[in-house]
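Q: All residue numbers for the sequence shown refer to the working numbering, where the first residue is -4 and numbers rise by one. Where a beta carbon is used, it is the ideal one built from N, C-alpha and C, also for glycine. Sharing a structure with you now.
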Amino acid sequence: MNYGIALNRREFLGRAAAGLAATGVLGAGFAQEAVLEVPREALTPASPEQAGVDPVRLQEAVEYVDSDFAAGTFPGAALVATRGGRKFVERYWGTCAGRDRADAPFDGSVLSMMFSFSKAVTATVAVMAHQEGLFDYDEPAHKFIKGFTGGGKEAITVRHLLTHAAGLTAAPLDPVLSEEEWRAAIAKLCAMDTEWEPGSRTGYHGISGMLLVAEVVRQVSGNRPWNEICRERLFEPLGAGITFDVPPGAAPVALVPPPKSYPWPLDTEHVPFLGHPSGGAFARPDDMLKLLNLHLGGGKWNGRTLLQPEALKEMHRVQYQKEIDAAIAAGKGPKHEFWGLGWLLRGTAEESWFGFGNVASARTFGHAGIDTVIGLADPETDTALVFLSTASPGEAETTMRLRNTVTNKVMAAVRG
């Protein structure tokens, strides 16, 4: 496989006829090779055949992204995927907006903001704290967050916060990078009234839910800085470069949306989501693959059990399945969505904004980040996939088309 290949649009158009070698996928037919046995943690490069993946169908996925790149749908993109930890495709296209220039090269070394995929990171760290007995999912959040009362908030549990069921969807995006900013943002949430009876329905909490989850974890962890807790519990054990802090000055970053001028400071005035538990983590595609593979691999990583089996099972359970089933049985539209704890679970065969497509199994889990990032995994085929672009593809219909089609084509290749 041609790993780490990154082309600008001119180079791509000049090499488009070069065939499979120029697209990052080798093999003209699906002659099944012996499956390469590798440790999941290594994300070991492998041919599609060594991962049990149809190279011809995989080529269709790569060519699909090629065509949108050539058409100018996005300036850069990444498509990386593993099966059983074997990385069978790793492809980068084009450029990104960096700190100092609009057309910085985009490759596997670049940190991209994950936006709402950060919620899966925050939820994973919360589940790790829960499995140590530091809190219970069904305890009221006000037990841990001083002043989180009034306006119906007494009924909000930690589970409600993890599953978009708290009724606090209208929260503003406030900076949280410094301790002073964090405390001010929490105080604003403490002053809000609920929009519905907590638990009676779900509705996407873009800002509030995971910030409050992170505050619960902070309070039961000695009120330490959020990134410090995440680094100790998750990032360092995974060997991942994820950070809720400002990326080091030498680290290349992709800024979305592209800055208005250069150089562009990395602070909350210029990058409002920076450090936010709901959407402000930076990571590389491989870092996202590591998180997904931790969940696929039963919570074990490099000989350590980071997530206990029961904790993992609960995290990947549809939390409101009974309510969904009851509504369907009554001929009504469910008021609850297919949320696990932090992860969205596919649940239905409908193609959606989150890009699960309709080929992956019903056990598939994942999360999106605005209209530029998706990361998902299918336990049935032990496959993890990350697809991101370095700028908005534009219309919502374009985003949905790209996400769902790329996912479908990769998952079809996996299924052979």
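(1) In this structure, how does DSSP classify E392 when only helix, strand and coil are distinguished?
(2) Less than 8 Å separating the beta-carbons of L336 and A118?
(3) Please tell me whether N222 and T238 are closer than 8 Å, where the distance is taken between their beta carbons.
(4) By the DSSP assignment, the beta strand (DSSP E) with F83 in it spans what residues?
(5) If you reduce the DSSP assignment to three classes, tell me which class P304 lands in.
(6) Whole angstroms are fine: how far does the CA of G204 sit from the CA of A179?
(7) Give the C-beta separation of M283 and V381 to the nearest angstrom, bearing in mind that I take them to be a contact with Cβ-Cβ under 8 Å.
(8) Measuring alpha carbon to alpha carbon, tell me which of V48, D98, P40, K114 ends up nearest G82.
(9) When you compare the CB positions of G67 and E85, do they come within less than 8 Å of one another, or not?
(10) From the DSSP secondary-structure annotation, give me the bridge partner or partners of T378.
(11) Looking at P253: is its Cβ nearer than 8 Å to the Cβ of A73?
(12) How long is the line joining the alpha carbons of E44 and L53, rounded to whole angstroms?
(13) To the nearest whole angstrom, what separates the beta carbons of M109 and A276, a pair I think is in contact under 8 Å?
(14) When you compare each of V405, A306, H362 to Q126 by their alpha carbons, which one comes out closest?
(15) By the 10 Å Cβ neighbour count, where 16 or more other Cβ atoms means buried, how is P167 classified, buried or exposed?
(16) Considering just the uninterrupted stretch of the alpha helix (DSSP H) at S113, what are its terminal residues?
(17) When DSSP labels each residue in this structure, what does V354 get in the three-state scheme?
(18) DSSP state of W191, grouped into three classes?
(19) Is the separation between the beta-carbon of E190 and that of A150 shorter than 8 Å?
(20) Would a C-beta distance cut-off of 8 Å place N297 and E58 closer than the cut-off?
A: Considering the structure as presented:
(1) For the purposes of this step, residue 392 is identified with residue 397 of the sequence shown, where counting begins at 1. In the structure shown, E392 sits in a helix (DSSP, three-state: H, G or I).
(2) Taking the first residue of the sequence shown as 1, we reach residue 336 at position 341. Taking the first residue of the sequence shown as 1, we reach residue 118 at position 123. Yes.
(3) Taking the sequence shown and counting its residues from 1, the one referred to as residue 222 is at position 227. Taking the sequence shown and counting its residues from 1, the one referred to as residue 238 is at position 243. Yes; because the gap between Cβ atoms is below 8 Å, this pair is in contact.
(4) The sequence position of residue 83 within the sequence shown is 88, counting from 1. Run containing F83: 81 to 91, per the beta strand (DSSP E) assignment.
(5) As a working mapping, residue 304 is identified with position 309 in the sequence shown. DSSP places P304 in helix when its eight states are reduced to three.
(6) Residue mapping note: residue 179 aligns to position 184 of the sequence shown, counting from 1. Residue mapping note: residue 204 aligns to position 209 of the sequence shown, counting from 1. Taking the straight line from one Cα to the other gives about 16 Å.
(7) Against the sequence shown, residue 283 aligns to sequence position 288. Against the sequence shown, residue 381 aligns to sequence position 386. At roughly 5 Å, the Cβ-Cβ gap stays under 8 Å, so M283 and V381 are in contact.
(8) If you number the sequence shown from 1, residue 82 lands on position 87. Note on residue identity: the sequence assigns Lys, not Gly, to residue 82. Checked all of V48, D98, P40, K114; the closest Cα to K82 is P40.
(9) On the sequence shown, residue 67 is found 72 positions in, with the first residue counted as 1. On the sequence shown, residue 85 is found 90 positions in, with the first residue counted as 1. No, Cβ-Cβ distance for G67 and E85 is not below 8 Å.
(10) In the sequence shown, the residue the question calls residue 378 occupies position 383. In the DSSP output, where bridge partners are listed per residue, T378 has R78, D373.
(11) In the sequence shown, residue 253 corresponds to position 258, counting from 1. In the sequence shown, residue 73 corresponds to position 78, counting from 1. No, the Cβ-Cβ distance between P253 and A73 is not below 8 Å.
(12) Position 49 of the sequence shown, counting from 1, holds the residue named residue 44. Position 58 of the sequence shown, counting from 1, holds the residue named residue 53. Their Cα atoms are separated by approximately 11 Å.
(13) The residue you call residue 109 lines up with position 114 of the sequence shown. The residue you call residue 276 lines up with position 281 of the sequence shown. Right, their Cβ atoms sit about 5 Å apart.
(14) Numbered from its first residue, the sequence shown carries residue 126 at position 131. Answer by Cα proximity: A306.
(15) What you label residue 167 is simply residue 172 of the sequence shown in a count that begins at 1. The residue is exposed, with fewer than 16 neighbouring Cβ atoms inside 10 Å.
(16) The residue given as residue 113 occupies position 118 in the sequence shown. Segment 113 to 125, the alpha helix (DSSP H) holding S113.
(17) To locate residue 354, count along the sequence shown from 1; it is residue 359. V354: coil per DSSP, three-state reduction.
(18) Translated into the one-based positions of the sequence shown, residue 191 becomes position 196. Reduced to three states, the DSSP call for W191 is coil.
(19) The count along the sequence shown starts at 1 and reaches residue 190 at position 195. The count along the sequence shown starts at 1 and reaches residue 150 at position 155. No, these two residues do not count as a Cβ contact at 8 Å.
(20) The residue you call residue 297 lines up with position 302 of the sequence shown. The residue you call residue 58 lines up with position 63 of the sequence shown. Not closer than 8 Å, so no.
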